[in-house]
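Student: Can you keep this structure in mind? I'll have questions shortly.
Protein chains: 4
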Amino acid sequence: MTDITIDQARTIVSATLAKGREMGLKPLSVIVLDAGGHAKAFEREDGASPGRFAIAEGKAYGAVMLGMGGTAQMARAEQQAYFMAAVNGAFGGRVVPVPGGILVRDAEGAVIGAVGVTGDTSDNDLEAGAAGIAAAGLTAEG
Amino acid sequence: MTDITIDQARTIVSATLAKGREMGLKPLSVIVLDAGGHAKAFEREDGASPGRFAIAEGKAYGAVMLGMGGTAQMARAEQQAYFMAAVNGAFGGRVVPVPGGILVRDAEGAVIGAVGVTGDTSDNDLEAGAAGIAAAGLTAEG
Amino acid sequence: MTDITIDQARTIVSATLAKGREMGLKPLSVIVLDAGGHAKAFEREDGASPGRFAIAEGKAYGAVMLGMGGTAQMARAEQQAYFMAAVNGAFGGRVVPVPGGILVRDAEGAVIGAVGVTGDTSDNDLEAGAAGIAAAGLTAEG
Amino acid sequence: MTDITIDQARTIVSATLAKGREMGLKPLSVIVLDAGGHAKAFEREDGASPGRFAIAEGKAYGAVMLGMGGTAQMARAEQQAYFMAAVNGAFGGRVVPVPGGILVRDAEGAVIGAVGVTGDTSDNDLEAGAAGIAAAGLTAEG
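Protein sequence lines correspond, in order, to chains S, P, C and D.
Here the first sequence is numbered in this note's numbering, starting from 1 and rising by one per residue.
Here the second sequence is numbered in this note's numbering, starting from 1 and rising by one per residue.
Here the third sequence is numbered in this note's numbering, starting from 1 and rising by one per residue.
Here the fourth sequence is numbered in this note's numbering, starting from 1 and rising by one per residue.
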C-alpha cells in the first residue's frame, strides 16, 4: 500500500474548492485522508458551519475503512439500515455513509487514501471532490 | 467454561482463508474469540480494507455475547430493528448482526468461542468460516 | 467573535512548514482552529507519523478553549498536574498542554483562533508556528 | 509508505512466540499492526489472561501513531507524565507507553508497521518481539 502525498493532497483540496466556486456551490470543506484513514490535509471555507470537519472526516473515513465509496455505502444503508448502523457502532460513530466520501486510487488501482467533501448537496459535494482528485492525476471512486 | 485453544484458533484462521481462496472470494479477515468474547487469533489478508478488524470482531462478538449466530441476529434485526439497536447500545456498539458471525461448539454442544469473517458477501463470509470451523473438528452455528 | 479566515489559515500553515524546513526540523503537522475551537486548515508533511493530527489538534484546542498558550498550560501542569488532568477530563481528553499550542490574536488583541504544531521538540514546534502566525500579520501567544 | 504484508506478520507472530518458549517466558500475546495502526495479525497463547489483546494493541498502537518505540515513550512518560497522559487522552486511551511496543522498519528505514508483545516483563516482551521482527528480515525499534 502506498500513501497519498502531501503534494497530491494539496492539489485535491485546492482543485475541489476551485470546482465548488466554479459550480457556484455553498462554502465547502474538504479533507484528504491517507490509506490508513489519517488526516493529511483539510480546509474549511469561510462561511461553512463549524461542524464540517467531522462530517468531511466521516465521509472519507467510512470510504477508506470499508473500502467503499459513499454512494455504495448509501445503497447498503438504504437496503439494510441496521447493518450500517451496526458498522458505525463498530467504528465509534465516525462513518457518514453518503456521497462525498470518495476512495482515491492510483494508476495500479490501489487505494492510496480518501477524500471527504461537505457543504452543498451530497451529489454536488461528490462532483467537486471527483474534479479535485482528477486534477491530481488520480482516480476517484465515489 | 472450556475455551477454544490457540491450536484450534490457528486451524480455523488458516482453513477459513484457504476456503476463501478456493472460492475465489475477495481478501478476507478472520477473528477467533474465546467463550468470554476475547480475541485469540486474527488475520487480515493483503488487499483487505483497514477497518476489517472492527467488522470481524463485531460479528464474532455479537455471536458469543448473545449466544446466537449472525443469521439469527439478522433475522431478529429485520423483525425488530430497535431491539438490536438497543442491544448494541448495551454492548457499546460492538455487535454487527449479520452472517459471518459464527458460534463454535465442541462435541458436547458447549459454546467454546466464536468466529467472525468479513470481506466478501455475508453469505460467502459464513461459508468460508464454517469450513474453517469444520477443519478444526468443531461445530459451526452460523 | 471575529474568526480567523481561510486565507490567514493557509498563510499560517504554509509559512510554518517553510520555517520548519529552514530550521531543518523533522516533518511537521500544523492545524489552525477558529475562535470556537473548530478546524479551519490542517496539513501533515510526508514522513510524519500518522497520529499527528490528534496531537496538533490537542495543542491548539487546549489553547483556544482555556485562553492560554501551551507554555502557560505546561507551567500549570507542572505545578498542579491533577488540575490539568481534571481539565482534560472536562474536555474529553482533547487538551495536550505543551508548547506548540499557540493562541492567535488580531491587531485589537482579540483571540481569533489557535495553532497547533507537532513533530519536533515542543520548543521548535512553537518557534515554527510563531513564525507562521507572524507571516499572516497576526500575534502569537505561545 | 508501504505496509507490512500478512506473510511478514505471520512470521513475526510465530517467531516471537517461539522465542518466548525458548526463553521460558509466561504465555505471550502478539499483535502486528500496519503503518496506519490497523491490525494485520494477532495471537494469544493458552493461559494468557483475556485482556491481553488491548495491552498488546496499546503498545503497538502508541508506537506507530507517535513514531516512537515503547522504550522512548516510557522515557518521555517518566520525564513528563502529564504529557503522555494528555497524549493518551487525544488517542482515546489506546496508548500503552512501555517496552514491548516496537516500530518495524524496512530496509530503507521506512516504518511499515508495529508490533506489540505482552505477557512477561516489558523487557522480555521486547526481546521476544525483536527476535520475531528479525526473523522476518525487518528492523525493530524498541
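Where is the CB? At the ideal position from N, CA and C, for every residue including glycine.
Computed from a predicted model, the values in this text were never measured in an experiment.
With 8 angstroms as the C-beta to C-beta threshold (strictly closer), list the residues of the stretch 28 to 52 of chain S near chain D in chain order.
Tutor: Asp-34, Ala-35, Gly-36, Gly-37, His-38
Student: Along chain C, in chain order, which residues have C-beta atoms closer than 8 angstroms to that of Ile-55 (chain S)?
Tutor: Under the 8 angstroms cutoff, chain C gives no residues; its nearest Cβ is about 12 angstroms from Ile-55 (chain S).
Student: To which residues does DSSP link Glu-141 (chain C) through a beta bridge?
Tutor: C:Leu-103
Student: Nearest to Lys-40 (chain D) by CA position, among D:Gln-8, D:Val-87, D:Gly-101, D:Arg-94, is which residue?
Tutor: D:Gln-8
Student: Examine chain A for any beta-carbon lying closer than 9 angstroms to the beta-carbon of Asn-88 (chain C), and answer yes or no.
Tutor: Protein chains S, P, C and D are contained in the structure displayed, whereas chain A is not.
Student: Chain D beta carbons: is any one of them nearer than 9 angstroms to that of Asp-3 (chain S)?
Tutor: yes
Student: Does the beta carbon of Ala-9 (chain D) sit closer than 9 angstroms to a beta carbon anywhere in chain C?
Tutor: no
Student: Go to Gly-129 (chain C), then tell me how far its alpha helix (DSSP H) extends in each direction, as first and last residue.
Tutor: DSSP places Gly-129 (chain C) inside the alpha helix (DSSP H), whose first and last residues are 122 to 135.
Student: Is Ile-6 (chain P) close to chain D, meaning its C-beta is less than 9 angstroms from at least one C-beta of that chain?
Tutor: yes
Student: Is it right to say Ser-122 (chain D) is buried, meaning 16 or more other beta carbons lie within 10 angstroms of its own, or is it exposed?
Tutor: Label assigned to Ser-122 (chain D): buried.
Student: Chain C beta carbons: is any one of them nearer than 9 angstroms to that of Gly-93 (chain D)?
Tutor: yes
Student: Ser-29 (chain D): buried (16+ other C-beta within 10 angstroms of its C-beta) or exposed?
Tutor: Buried is the call here.
Student: Please report the straight-line C-alpha distance between Ala-75 (chain P) and Ala-77 (chain S), rounded to a whole angstrom.
Tutor: 17 angstroms
Student: From Ala-82 (chain D) to Gly-116 (chain P), what does the alpha carbon distance come to, in whole angstroms?
Tutor: Residue identity check: residue 82 (chain D) is Tyr in the sequence provided, not Ala. C-alpha separation (whole angstroms): 39 angstroms.
Student: Note down, in chain order, each residue of its chain lying with its Cβ closer than 8 angstroms to the Cβ of Ala-130 (chain D), except the 5 sequence neighbours on either side.
Tutor: Cβ within range, chain order: Ile-102, Ala-140, Gly-142.
Student: By Cβ distance below 7 angstroms, which residues in the same chain neighbour Ala-60 (chain S) in space, the five residues on each side in sequence not counted?
Tutor: Ile-31, Leu-33, Gly-101, Ala-114, Val-115, Gly-116
Student: Is DSSP giving Phe-91 (chain P) helix, strand or coil here?
Tutor: coil
Student: In the structure shown, what three-state DSSP assignment does Leu-33 (chain S) receive?
Tutor: strand
Student: Tell me, which residues are paired with Gly-116 (chain C) by DSSP?
Tutor: C:Ile-31, C:Gly-101
Student: Sort out for me which residues DSSP pairs Arg-44 (chain P) with in a bridge.
Tutor: P:Ser-29
Student: Do the CB positions of Gly-62 (chain P) and Gly-70 (chain P) come within less than 9 angstroms of each other?
Tutor: yes
Student: Which residues in the same chain have their Cβ closer than 6 angstroms to the Cβ of Glu-45 (chain P), if we skip the five residues on either side of it in sequence?
Tutor: Pro-27, Leu-28
Student: Using C-beta distances below 8 angstroms, list every residue in its chain close to Val-95 (chain S), excluding the 5 sequence neighbours before and after it, in chain order.
Tutor: Hits under 8 angstroms: Gly-58, Tyr-61, Gly-62, Met-65, Leu-66, Gln-73, Met-84, Val-87, Asn-88.
Student: For Asn-124 (chain D), I'd like the list of residues in its chain whose CB is within less than 6 angstroms of its CB, leaving aside the five on either flank, ordered along the chain.
Tutor: Within the same chain, Asn-124 (chain D) has close Cβ partners Leu-25.
Student: Gly-58 (chain S) lies in the alpha helix (DSSP H); which residues open and close that run?
Tutor: Gly-58 (chain S) -> alpha helix (DSSP H) spans 52 to 66.
Student: What's the call for Ser-49 (chain C), buried or exposed, on a 16-neighbour Cβ count within 10 Å?
Tutor: buried
Student: Where DSSP assigns a beta bridge to Val-111 (chain C), which residues make up the other side?
Tutor: C:Arg-105
Student: Would you please verify whether the beta carbon of Val-111 (chain P) is less than 9 angstroms from any beta carbon of chain S?
Tutor: no
Student: Rounded to a whole number of angstroms, what is the C-alpha to C-alpha distance between Gly-20 (chain D) and Val-13 (chain D)?
Tutor: 11 angstroms
Student: Thinking C-beta only, is Gly-132 (chain P) closer than 9 angstroms to Ala-54 (chain P)?
Tutor: no
Student: Which whole-angstrom value is the C-beta distance of Ala-128 (chain P) and Met-23 (chain P), which I expect to be below 8 angstroms?
Tutor: 6 angstroms
Student: Tell me the rounded alpha-carbon separation between Gly-119 (chain C) and Ala-56 (chain C).
Tutor: 9 angstroms
Student: Select from D:Ala-107, D:Phe-42, D:Gly-36 the residue whose C-alpha is nearest the C-alpha of Asp-3 (chain D).
Tutor: D:Gly-36
Student: Less than 9 angstroms separating the beta-carbons of Leu-138 (chain P) and Asp-106 (chain P)?
Tutor: The answer is yes: Cβ separation under 9 angstroms.
Student: Consider the Cβ of Glu-108 (chain C): report whether some Cβ of chain D lies at a distance smaller than 9 angstroms.
Tutor: Chain D, which has no Cβ nearer than 9 angstroms to the Cβ of Glu-108 (chain C), makes this no.
Student: Can the beta-carbon of Ala-136 (chain C) be found closer than 9 angstroms to that of Thr-11 (chain C)?
Tutor: yes
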